[in-house]
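To start, the structure itself, in structure tokens.
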Amino acid sequence: MGLYVIVFVFIGSFFWVNLLVGVIIDHYSQLISEEGNGVMLTSEQQRWQNVLKLKEVERQSKWAENAPKAVGWFSRVQRACFLFAFDPRFEFFIMTCILMNVMSMAIAFDGMSDDYKYGLEWLNKIFTIVFVVEFAVKVTALNFAKYIQDSWNRFDFLIVCISVPDLFTSGLPGASVFRIFRIGRMFKLVQSARGLRTLFNTLIASLPAIGNVGSLLFLLMFIYSVLGMSLYGKIEYDLGLAGVNRHANFYTFGASMMTLFRVFTGDSWSSTLEDVYNRGTGPKFIAPLFFISFTVAASLVMLNLIIAVILDQFLSEAGSEGLLQSNNFFDVLRKKMILDRFMLKVAIKGREFAANNPMEKANSFKRKSSFARVMTMFGRQSSD
569 MGLYVIVFVF
579 IGSFFWVNLL
589 VGVIIDHYSQ
599 LISEEGNGVM
609 LTSEQQRWQN
619 VLKLKEVERQ
629 SKWAENAPKA
639 VGWFSRVQRA
649 CFLFAFDPRF
659 EFFIMTCILM
669 NVMSMAIAFD
679 GMSDDYKYGL
689 EWLNKIFTIV
699 FVVEFAVKVT
709 ALNFAKYIQD
719 SWNRFDFLIV
729 CISVPDLFTS
739 GLPGASVFRI
749 FRIGRMFKLV
759 QSARGLRTLF
769 NTLIASLPAI
779 GNVGSLLFLL
789 MFIYSVLGMS
799 LYGKIEYDLG
809 LAGVNRHANF
819 YTFGASMMTL
829 FRVFTGDSWS
839 STLEDVYNRG
849 TGPKFIAPLF
859 FISFTVAASL
869 VMLNLIIAVI
879 LDQFLSEAGS
889 EGLLQSNNFF
899 DVLRKKMILD
909 RFMLKVAIKG
919 REFAANNPME
929 KANSFKRKSS
939 FARVMTMFGR
949 QSSD
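Going by our numbering, 793 is the number at position 225 of the sequence shown; the sequence numbering is gapless.
Printed below as a string of structure tokens:
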């Protein structure tokens, strides 16, 4: 008997349910390939999603720059800060500090000794100073106007501004308010780790489509809530029933919505089905039909449709981040913008070389003609 149940659970839960998920995702992918993103998005939502992608392309091309030239003393300091701030070893050090800071917040507990608490406070102050130094180095390397253009840098600036008062308010009333925002430092990992950044961008870009699917799910729950009130709204729940009680019933619309939400999450809905089956009015077959149809439509179809939306958006974001090979428009645009910046720098270097070498001016026209042909060739290749 035990083997029978194990085989049924394995085939039913692990095979057929996942097969249904695969069918939904495959059909959604076919609709996307045939009709584009307009399947789940309005025209305004598509434009908003494209703006997010263009901003990400602009951000990637903006930071694909070389260190500033060392002309004066400030330029030398700025160049040194640039090389230091964007060195992979420094970024790894900052990520390590973030993880250690999160661990230091996780090991605090109620009833800890004063020495233990004092050590954690000083450890947090050290991490705060490290993040302030990181902010100062990046602002020096880029200047504040350019630094603040990036959304992640604005978030870092906000975290630093909130963390600095915590250095001077330890032990004072209201100091716990600033400690709450320490958890925001975890989001700095999203900026540094490309995989986490891809997942975060996927979630943000998927919000419009998820909202549309959520609207369909709300409409489905609305319809079933009204049906539940009509069919099972008169069942008394003060009879010691396990499924229908004062927390889960169909007396009111709000209670019906909460009960169906429990069914949607799979929270012991079989006992609710058993109670309405035994005590409900009308034909007995309506109760299984009501709950099973709602479970299939909500949990197996709508929920997996949200997964399909997120998966499709993840493939797009992963391709633009370079985690997957893709030839979409935004990937080509990003490469073209980086190539244009490179060719512009080559042109500037060529003019500086010609200006500093008078002996070469006699052949400048020939060089300019050759360079123009090279620029034209690269421009055509990048646009193709």
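The beta carbon of each residue, even a glycine, is placed where N, CA and C say it ideally should be.
A quick note: this is a predicted structure, and the numbers were derived from the prediction, not measured.
{"Check": "Closest residue to Leu787 among Glu804, Arg753 and Leu828 (Cα-Cα distance)", "Outcome": "Leu828"}
{"Check": "Contacts around Lys685, its chain only, beta-carbon distance under 8 Å, and the 5 residues preceding and following it disregarded", "Outcome": "Ala676"}
{"Check": "Sequence-distant residues of its chain with Cβ nearer than 7 Å to Val728 (five each side left out)", "Outcome": "Phe699, Val700 and Phe703"}
{"Check": "Assigned secondary structure, Asn711 (DSSP; H/G/I helix, E/B strand, else coil)", "Outcome": "coil"}
{"Check": "Contacts around Lys934, its chain only, beta-carbon distance under 8 Å, and the 5 residues preceding and following it disregarded", "Outcome": "Because the pLDDT of Lys934 is 47, which lies under 50, any placement of that residue in the model is unreliable, and the question is left without a value."}
{"Check": "N-terminal and C-terminal residue of the alpha helix (DSSP H) that Gln717 is part of", "Outcome": "Segment: none, Gln717 is in no alpha helix (DSSP H) and carries neither H nor E."}
{"Check": "Inter-stretch contact at 8 Å, needing at least 3 Cβ pairs: the stretch 833–852 / the stretch 776–785", "Outcome": "no"}
{"Check": "Residues near Ile574 by beta carbon distance below 6 Å, same chain, minus five either side", "Outcome": "none"}
{"Check": "Rounded Cβ spacing between Asn817 and Ala823 (contact assumed at less than 8 Å)", "Outcome": "5 Å"}
{"Check": "Environment of Tyr572 [buried if 16+ CB atoms lie within 10 Å]", "Outcome": "exposed"}
{"Check": "Classification of Thr696 by the beta-carbon crowding that lies within 10 angstroms, buried from 16 upward", "Outcome": "buried"}
{"Check": "Met569 (DSSP reduced to helix, strand or coil)", "Outcome": "coil"}
{"Check": "CB of Tyr805 within 7 Å of CB of Val812, strictly", "Outcome": "yes"}
{"Check": "The stretch 754–773 touching the stretch 851–867, judged by at least three CB pairs closer than 8 Å", "Outcome": "no"}
{"Check": "Among Ile730, Tyr800 and Cys665, nearest to Ile694 - alpha-carbon criterion", "Outcome": "Cys665"}
{"Check": "Cβ-Cβ distance between Val705 and Tyr715 below 7 Å", "Outcome": "no"}
{"Check": "Beta-carbon spacing of Phe658, Phe650 below 7 Å", "Outcome": "no"}
{"Check": "Burial state of Ala674, where buried means 16 or more other Cβ atoms lie within 10 Å", "Outcome": "exposed"}
{"Check": "Beta-carbon spacing of Phe821, Ala866 below 7 Å", "Outcome": "no"}
{"Check": "Pair within 7 Å by beta-carbon distance, Phe712 and Ile730", "Outcome": "no"}
{"Check": "Spatial distance of Val589 from Asn872 (CA atoms)", "Outcome": "6 Å"}
{"Check": "Same chain only: Cβ atoms within 7 Å of Gly570, ignoring 5 sequence neighbours per side", "Outcome": "none"}
{"Check": "Collapsed DSSP secondary structure at Tyr805 in the structure displayed", "Outcome": "coil"}
{"Check": "Neighbourhood of Val670 by C-beta, 6 Å cutoff - its chain only, sequence neighbours within 5 removed", "Outcome": "Met754"}
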